[in-house]
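See structure below.
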Amino acid sequence: MSVLPLVFTSGWASGINAYAVVLLLGVFGATGLSDEVPATLQRPEVLVVAGVLFLCEAVADKIPYVDSVWDSVHTVIRPAAGAWVGALLAGQSGSLSDLAAGVLGGSTALASHTVKAGTRMAVNTSPEPFTNVALSLAEDLGVGAIVTFAMFHPTAAAVIAGVLLLAGLLVLCFLVSRIRRFLRRRAQRREERRLAVGAGPRPG
């Protein structure tokens, strides 16, 4: 079960930025800094695709409302990436079944993705863009730091990821009411615009 902490940490990180996880793990493996990384993640084409998509996410994730659309699109992608990476890590080590690792990585990624997407929806209720940029940078740096730490201290990194996941879920619970108010106001504005267009100027 030695790979379990790394699977959990990579799953948590994948829910926030899956492309960064694939890119970082691939670079660690390709440069010989770690023997835990499967050969699949070290392939040049995988690294290039992950790098390009990481740059796309780095831009989209910092633009208000665009980040929420991006998160919606990745509701399936991030958990799937977490499951895929977890299964590959388990297959590489042979200490955990691929299926169990995939379920752990995917479910953890889904949980952290939910926290990320929900937090961004709450932040988007504010008109200023600076909070989005600050959160995105913190997420990018956090994912990079914890995945790097996990390569050398997997158990400690998994504990940190677990604490961050729990804290994020608690914060999200407090933000739910704000998100609901925002969605109600947006629906109301859309309805008002629809009625205004429907009324239109009457012919004289």
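Throughout, this note's numbering is defined as the position within the sequence shown, counted from one, plus 56. From the three backbone atoms N, C-alpha and C, an ideal C-beta is built for every residue, glycine too. Since the model is a prediction, treat every value here as computed from it, not as a measurement.
Cβ distance (whole Å) where residue i is taken to contact residue j below 8 Å
| i | j | result |
| --- | --- | --- |
| residue 60 | residue 152 | 6 Å |
| residue 224 | residue 163 | Residue 224 to residue 163, Cβ: 15 Å. No contact. |
| residue 159 | residue 73 | Incorrect: roughly 21 Å between the Cβ atoms, too far for contact. |
| residue 106 | residue 82 | 7 Å |
Buried/exposed call for residue i, threshold 16 Cβ in 10 Å
| i | result |
| --- | --- |
| residue 130 | buried |
| residue 170 | buried |
| residue 210 | buried |
| residue 226 | exposed |
| residue 247 | exposed |
| residue 146 | buried |
| residue 184 | exposed |
| residue 182 | exposed |
| residue 243 | exposed |
Candidates the options: closest to residue i by CA position
| i | options | result |
| --- | --- | --- |
| residue 166 | 155, 148 and 134 | 134 |
| residue 206 | 80, 72, 71 and 73 | 80 |
| residue 204 | 71, 58, 72 and 76 | 76 |
| residue 68 | 112, 242, 218 and 119 | 218 |
| residue 264 | 124, 144, 139 and 70 | Lying outside 57 to 260, the shown extent of the chain, residue 264 is not represented and no answer is given. |
| residue 110 | 96, 121, 95 and 126 | 126 |
Minimum Cβ-Cβ distance from residue i to chain C less than 7 Å
| i | result |
| --- | --- |
| residue 136 | Note that chain C does not occur in the displayed structure, where there is just one protein chain. |
Distance cut-off 6 Å: residue i Cβ against heavy atoms of the ligand GDP
| i | result |
| --- | --- |
| residue 203 | Ligands in the displayed structure: none, and consequently the ligand GDP is not present. |
Counting pairs of Cβ atoms below 8 Å between the segment 59-76 and the segment 204-223, do you hit three or more?
Touching, yes.
Touching by the beta-carbon criterion (3+ pairs, under 8 Å), the segment 228-244 and the segment 172-190:
Because the criterion of three Cβ pairs below 8 Å is met, the segment 228-244 and the segment 172-190 touch.
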